[in-house]
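Engineer: In full-length UniProt numbering, the protein residues as written are 1 to 125.
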Amino acid sequence: MVSHNFSKQKRLLEAKHFKRVFDSPDKKLSTSYILLLVCKNDLDHPRLGLVIGKKSVKLAVQRNRLKRQIREVFRLNQHLIDSYDVVVVARRGLAEVENNELHDQFIKFWKRLSVKNSTNSENGG
Numbered sequence: 001m002v003s004h005n006f007s008k009q010k011r012l013l014e015a016k017h018f019k020r021v022f023d024s025p026d027k028k029l030s031t032s033y034i035l036l037l038v039c040k041n042d043l044d045h046p047r048l049g050l051v052i053g054k055k056s057v058k059l060a061v062q063r064n065r066l067k068r069q070i071r072e073v074f075r076l077n078q079h080l081i082d083s084y085d086v087v088v089v090a091r092r093g094l095a096e097v098e099n100n101e102l103h104d105q106f107i108k109f110w111k112r113l114s115v116k117n118s119t120n121s122e123n124g125g
């Protein structure tokens, strides 16, 4: 059975983990308002880190809404993602995105990660 929890083990919490993803990402996925940095980890589950700064999203209410939405989409779809550390970086304009559009965009991101992952493993890498 697929686990849909989002415990501390599935979060990037320490600066050194964020630094590793920022310094040497294996993949980068982006739109005009989101940047995803992805790095393989040695665990048996994916981990999520969020970077939503005041420069990108001015109001705390909006930053909190975005964090909640992104965490929820990750929680429900983590089974699509292999053992990756994923850092989501917000860009200007993300605050104006509706929840359903944000949800759809992250579903596309997770599917792209799983497709690329299965393609890479078939090709030996």
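Yeah, the Cβ is synthetic: ideal placement off N, Cα and C, and Gly gets one too. Note that this is a predicted model, so its numbers are computed, not measured.
Which of the three DSSP states is assigned to V86 in this structure?
Structural biologist: Position 86 of the sequence shown, counting from 1, holds the residue named residue 86. Strand at V86.
Engineer: Taking all protein chains shown into account, do 16 or more other C-beta atoms lie within 10 angstroms of the C-beta of D85, making it buried, or fewer, making it exposed?
Structural biologist: As a working note, residue 85 is residue 85 in the sequence shown. It is buried - the Cβ of D85 has at least 16 other Cβ atoms within 10 Å.
Engineer: Going by C-alpha to C-alpha distance, which of V38, V21, V61 and R20 sits closest to K28?
Structural biologist: One-based indexing of the sequence shown puts residue 28 at position 28. Comparing Cα positions, the closest option is V38.
Engineer: For the alpha helix (DSSP H) holding R68, just list the boundary residues, first then last.
Structural biologist: In the sequence shown, counting from the first residue as 1, residue 68 sits at position 68. That run of the alpha helix (DSSP H) goes A60 to N77.
Engineer: Just how far apart, CA to CA, sit D42 and R63?
Structural biologist: Position 42 of the sequence shown, counted from the first residue, corresponds to residue 42. Position 63 of the sequence shown, counted from the first residue, corresponds to residue 63. Computed Cα separation, rounded: 30 Å.
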